[in-house]
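Structure record follows, encoded as structure tokens.
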Amino acid sequence: MDAYLEDLQTRTRLSSILRQVGARLRGAMPSEQARQEPGILQNLAGWLRWHSPFGNSIQRQFGERVSHVDRLIASGNIDAALKLALRLGAQKAGAKPPSRFPAQLPRARATLDFDVAPTLHSAPILGDGTFYHVRQRYLELARRLEKEGDWRRAAYIHSQLLADNREAVLVLERGEQYAEAAKLALGARLQPALTIRMLFKDGQRDAALALARRTGCFEQLAEDSRGKDATYHAYVVKAWTDMLVSTGQILRALQVTDALAREAGTGEALLPVRQRWLAAAVAAEEPTELGGELLARALFAASWRDEGIDIRMLDTFPFIPVSSDGGPFAKALASLQHLARGEAEDAAERLIALIADFMRIGAPDAIEQKSFWRGAAPRLIEPLARSIFEHASARLKPADLKSLQALLRIAGLPVLAADVMKLTKLHQAISAPALSWRVPPPSVIRPAIRSACLLATGTMLIWRESDVLELLDRYGASLWRQSVSGIVGLVPIGASPNVILIQRQPDGSALLTRLASHRRTLHPIGSVALAAHHDVTSESQWLVQIGGEIGAIDLVKMCAPAPQIEFLWSCALTDRLQARGFAHQAGGCSWITQDMSAERFGITEIWTFRPSGELVASLCLPGSSSGDESGPHATEWFWDSNAERGRLGSVDSGRWMRVVPWSEDGEDQARALASARRKAGLEVRYDVQPCDFARSFVRIAKAQPGEADGPSQIDILAPCSGKPLITLVQDDGAPLTCLFRAADSDSGSARANSTQRASTLLFGDEAGRLFIVRPHERRVSVI
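In short: position in the sequence shown from 1, add 6, done, that's our numbering.
Now the structure itself:
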């Protein structure tokens, strides 16, 4: 508030106004911040009002109003005081500012109802410290009323006089006036986590669940409620896991309930539920190919005495006779032995990763893990450690050895842990693989792969132009195939084994089908006018454009036995806008549009639907401050978290765009550039690579003009980074096509930090080969 008043005082000085006039006469382009401030005429009018006899009269009236309100408060006539009190507080962020210079006193309020309508008011100009006196008087009155139990009037002061609706809701919560608090939180569009808590406490559980699913804020709700209200926390976790299980994201449900499973009492109640989830998650994986985390969970949670395995048989590990077709425990043990014997193609990498999985998930005090750590742990982990040294010693890093040493200590193997500590001082890992990888020429020609995706289970789904849909294991071996025509997209559903198949129909509509890859079954969903879609989903939402609406499809209803295509939320889109990309950003669900109308030809905008329900628009303007560009000239842009900080970079050139809040001046500038672009006949269509979920982006440097058979180079970069993680060099032929960029397995939620390690990518070529690129390992596999 100090900065607000100081800025107001500075702008109303005559010298500041004259400088503003001079800048406009010179044709200087004002900054984005200046564009949102009052113009020259407003500032000049304000100066005249407050430096003239007329202005003196207004100031005197404001002073008298303040004194009158003070007297009413002192006399105990609180209602009358609140109706006459002047409203203070900062303006709404991003809103067009009102006149800062009131010409008359505001009228008295008729009632003391909460008014959260987005109306703008003129802040009173109170000199000689009066502003701070009034604000302090309001705060003291609110605290006094709260102590007296007058929660509503105390909340009214925070909301209506101090423009602090969040504090008003918290005051009502302390007074257990949950219905009023929920109504105010909804009307003021506060953070959904706060609104959902109020709805729950008021008994409106269906409304709370609906809002949680619409905003996708289960993770924030769980963190906010952890260790506070046990009943509310249990409700949040159950609602979250119900949603995850219904969409097949069972491993994520296990992760969500880990903390509760380690608590006394709660862990015992959760044990049978988690055992069912674990069995279902293991059943969805291929035999002997369990992922490291699922493998560790199955071993930890097994009741070793009830599994028909005598602990003494572990002395023969990794050659224990066990069938991979058995239950979760048998399947996990078979997978672990398959790795320990070095029979898997990537056994070294997976064994090293398993150390981290054991350390991260292991909890010797957890009820469901006690059987493992008290009996089987030393007999199993010791031979496993020896297998790691046998098959992966060259790839071990000092950090891996330290983790292995800690694991051995937890398992009660101090002697072997001491030996590992000695090896840490002597061990030298092999050097990192080369940054550059050369694409070998094809030896066989097959139908090209036009669509592909990587599932959380490690399996891959591909569709060839010969109309063959094929499921591959992590090494490329065929698991299942079926003839399916017209595939234009394969979208994996969160961390589940389910995939959405998108088939283009003759009438232009899209037929949606869900493939349950673990069961090899197809489930029709329905036909829609799908104009654009995101290539990945969050835990609960799939961002799409259907006809003239952009919004989020409810994955729970889409994956139901009787599937429905229903929006959790949606926004109308005019015919002149075309969606170019979608992303789940920290600030909310976003999409990029391009205007194709004559007057706004090529204008690019980013739209963000905030969790609070607010739709925010931003303009993408050329990065050059000279303003003489008619771009964008780039054909592809990468969309990472830098866009939220005001910058959108190009993939195939050094250009960039400024991302600024929409304003009238910005719109004028964009229209001028659109006109120049249209007159020059420039191509404006481009592609966007969203980097949500910490996904890498791809930069392809094609052969120069006239060098059709020349070499091409493909750089794979981490989001918010300018240095390649790995480079693919192709000597001749058409460049590889990026088919899919997987979400980072370490990123966890939709709001993942973009600095996490790069994710796996799938490429294809015209010879029908599939390239699996793991940038963090600098490894490429060709199938």
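Every residue gets a Cβ at the ideal spot worked out from N, C-alpha and C, and that includes glycine.
By Cβ distance below 8 angstroms, which residues in the same chain neighbour V562 in space, the five residues on each side in sequence not counted?
R219, M249, S252, T253, S546
Less than 7 angstroms between C-beta atoms, sequence neighbours within five positions excluded: which residues of the same chain meet that for L413?
I361, F364, M365, I387
Under three-state DSSP, which class holds I499?
coil
If you check the beta carbons only, do G774 and A454 fall under 7 angstroms apart?
yes
Cβ pair V75, A87 closer than 7 angstroms:
yes
If you compare alpha carbons, which of D721, K337, G672 is closest to G298?
K337
Mapping the DSSP letters down to three states, classify S753 as helix, strand or coil.
Note on S753: pLDDT 46, under 50, position unreliable in the model; no value is reported.
Is G193 closer than 7 angstroms to W157 when the C-beta atoms are compared?
no
Hey, quick one: how far does the beta strand (DSSP E) through R470 stretch, first residue to last?
466–470
Tell me which same chain residues have a C-beta within less than 8 angstroms of the C-beta of L260, skipping the five on either side of it?
R280, W283, L284, A287, R303
Assign S231 to one of three DSSP states: helix, strand, or coil.
helix
In angstroms with no decimal places, state the Cα-to-Cα distance between L441 and F777.
16 angstroms
How is F644 classed by DSSP in three states: helix, strand or coil?
strand
Rounded to a whole number of angstroms, what is the C-alpha to C-alpha distance between A275 and E374?
11 angstroms
Roughly how far, in whole angstroms, is the beta-carbon of A522 from the beta-carbon of N504, given that I think they are within contact range, below 8 angstroms?
6 angstroms
Where H139 sits in the DSSP three-state scheme:
helix
Short of 7 angstroms in beta carbon distance, which residues of its chain neighbour R683, apart from the five on each side in sequence? Order them along the chain.
F607, G608, S636, V690
Of all the options A649, L215, I556, which has the alpha carbon lying nearest to the alpha carbon of D667?
It should be noted that the sequence gives Pro, not Asp, for residue 667. For the residues A649, L215, I556, the minimum Cα distance to P667 belongs to A649.
Determine the direct distance from the alpha carbon of R392 to that of F615, and round the result to whole angstroms.
53 angstroms
What number of angstroms, rounded off, separates the C-alpha of E225 from the C-alpha of L205?
17 angstroms
Reference S647, options E673, V494, Q695, closest by Cα:
Q695
State yes or no: is the C-beta of R736 within less than 7 angstroms of the C-beta of V445?
Residue identity differs from the one stated: residue 736 is Gln in this sequence, not Arg. Contact: yes.
Is the number of C-beta pairs between the stretch 403–420 and the stretch 332–349 that are closer than 8 angstroms three or more?
no
Looking only at C-alpha atoms, which of K189, L168, H164 sits nearest to V177?
H164
What residues in its chain sit with their C-beta under 7 angstroms from that of T294, if we drop five residues either side in the sequence?
S330, A340, S341, H344
Who pairs with E694 in a beta bridge, going by DSSP?
Reading the sequence as shown, one finds Val at residue 694 and not Glu. In the DSSP output, where bridge partners are listed per residue, V694 has W643.
Would you call the CB atoms of V494 and I506 closer than 7 angstroms?
no
I'd like to check one pair, S765 with P741: are the Cβ atoms closer than 7 angstroms?
no
Check whether the stretch 259–273 touches the stretch 370–384, taking contact to mean three or more Cβ pairs, one atom from each stretch, closer than 8 angstroms.
yes
Between which two residues does the beta strand (DSSP E) containing N504 stretch?
504–510
Can you tell me which of T641, V665, R318, D671 puts its alpha carbon nearest to the alpha carbon of V657?
T641
From which residue to which residue does the beta strand (DSSP E) around E476 run?
474–478
Looking only at C-alpha atoms, which of W645, R172, S618 sits nearest to W662?
W645
Can you tell me whether A116 is buried or exposed, with buried defined as 16 or more other CB within 10 angstroms of its CB?
exposed
Terminal residues of the continuous beta strand (DSSP E) containing A537?
536–539
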